[in-house]
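Each residue of the sequence shown is one higher than the one before, starting from 31 at the first, in the working numbering. All residues carry an ideal CB built from backbone N, CA and C; glycine is no exception. First up is the structure itself, then whatever we jot down about it.
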Amino acid sequence: MINGVTPRADLHTHSDRSDGALPPAALVAHAARHGVTLLALTDHDSADGCEEAAEASAELGLRFVPGCELSLGWRGQPIHVVGLALDARSAALRAHFDAIASRRLDRLQEIGERLERRGRLPGRELAARVAARVALPTRTHVARELVALGAARDVQEAIDVWLARGRPGHVPVEWPALADGLATLRGCGAWPVLAHPHRYRLSTGGLRALAGEFADAGGVAIEVSVGGISRSDFDRLATLTRRLGLAASCGSDFHDPATTWNPPGRFAKLPDDLEPISARL
Ligand code: AMP
Ligand code: MN
Ligand code: MN
Ligand code: MN
31 MINGVTPRAD LHTHSDRSDG ALPPAALVAH AARHGVTLLA LTDHDSADGC EEAAEASAEL
91 GLRFVPGCEL SLGWRGQPIH VVGLALDARS AALRAHFDAI ASRRLDRLQE IGERLERRGR
151 LPGRELAARV AARVALPTRT HVARELVALG AARDVQEAID VWLARGRPGH VPVEWPALAD
211 GLATLRGCGA WPVLAHPHRY RLSTGGLRAL AGEFADAGGV AIEVSVGGIS RSDFDRLATL
271 TRRLGLAASC GSDFHDPATT WNPPGRFAKL PDDLEPISAR L
């Protein structure tokens, strides 16, 4: 992990409107305490928390950027694209979010079935508990319930053991195609950022193909600095961004204060020669 200078822009964070632990206003206060002065809220497939976060930011003197993190599909695998400075009133964006919420609710039921049948766990009850509480169920929510049941020690283990590909509770989702998601973001004025590309377990050639298609479809920036990234991944992403002439983004991907190594605002400074996407915000 890089212990760089703490930049003041954090352009990738989650609230409890998706799988983050804090309500939007508490997230803003937490980010402010960590020295963040330019903050984007980028919940999975939702911009519901942006209004509350904008109000809290105004009160605390932070500049706020409304955003989201779309789950999209590319060559059969899930890819995340952050959209920055979106117009949350866009009808097309809302339709996109609504479609994903219902797909996620269907997946939740199916995960419950599979945990019941293949995992011999009370999966149906578990799914019902999650569905009663959240509008946008993610695997993180299911993982928290699995931890509460004693089926795993922590959220990461619950995902790795029960919910990841090849595991008993895994349910593949057909996410909207990369190009369609980018068109939706561009259509509502948002800057699309390819999120944490080092996490997709792609070969160098695969990563170049993804980033090339992303740029061709209207993507503008690559997330080069992410909380917890290694120096070699950071260098690899900086080189790729340079080669494609794209802008660079940075963010913690903060979810939960309990993950103490990943507070808002803590990640390496972007290389000086890359254009920071924050300059366009
Ligand atoms: P979902 O979008 O419902 O598939 O949920 C994925 C969420 O689970 C991500 O946004 C992460 O916050 C969390 N997560 C933790 N570990 C993993 C992992 N190994 N693979 C995918 N998601 C993970
Ligand atoms: Mn998440
Ligand atoms: Mn992500
Ligand atoms: Mn994220």
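- Per DSSP, reduced to three states, the secondary structure at R47 is coil, with no helix or strand assignment.
- Residue pairing from DSSP leaves R195 without any beta-bridge partner.
- Of the residues assessed, D78 falls on the buried side of the cut-off, its CB having 16 or more other CB atoms within 10 angstroms.
- For F94, the enclosing beta strand (DSSP E) begins and ends at R93 to W104.
- It is roughly 32 Å from the alpha-carbon of R134 to the alpha-carbon of R310.
- Assignment of beta strand (DSSP E) within the stretch 206 to 248, counting only whole runs of 3 or more residues, yields 221 to 224 in chain order.
- Distance from the CA atom of F264 to the CA atom of A161, rounded to whole angstroms, is 37 Å.
- When DSSP states are grouped into helix, strand and coil, E305 belongs to the coil group.
- The C-beta distance from P222 to G248 rounds to 6 Å, short enough to fall under 8 Å.
- Contact annotation: L270 and L304 have beta-carbon atoms that are not nearer than 8 Å.
- A straight line joining the alpha-carbon of L215 with that of L145 spans about 35 Å.
- One thing to note: D286 has its Cβ no nearer than 8 Å to the Cβ of H171.
- In this structure, R105 is the residue among L90, E82, H74 and R105 with its C-alpha nearest to the C-alpha of R231.
- A84 is positioned such that its CB atom lies no closer than 8 Å to that of A55.
- For the pair L240 and H42, the Cα-to-Cα distance works out to about 20 Å.
- For V185, the three-state secondary structure derived from DSSP is helix.
- The beta carbons of A62 and L100 sit about 27 Å from each other, so the pair does not count as a contact at 8 Å.
- At a cut-off of 7 Å, the beta-carbon of D210 does not count as near ligand 2: no heavy atom of the ligand is closer than that.
- With contacts defined as CB atoms closer than 8 Å, D210 and I130 fail to qualify as a contacting pair.
- The stretch 136 to 171 is shown to contain whole alpha helix (DSSP H) runs of 4 or more residues at 153 to 163, in chain order.
- Listed by position along the chain, the residues with Cβ atoms less than 7 Å from a non-hydrogen atom of ligand 2 are H44, S48, D49, H74, T168, T170 and H285.
- Look at T72: its beta carbon is less than 7 Å from one of the heavy atoms in ligand 4.
- Near ligand 3, meaning a Cβ closer than 7 Å to any of its heavy atoms, lie the following residues in chain order: E99, H110, A225, H226 and D283.
- Taking G219 as reference, the option from Q107, P198 and A115 with the minimal CA-CA separation is A115.
- Within 7 Å of the C-beta of I259 there is not a single heavy atom belonging to ligand 1.
- Classified as exposed, P202 has fewer than 16 neighbouring CB atoms from the shown chains inside 10 Å of its CB.
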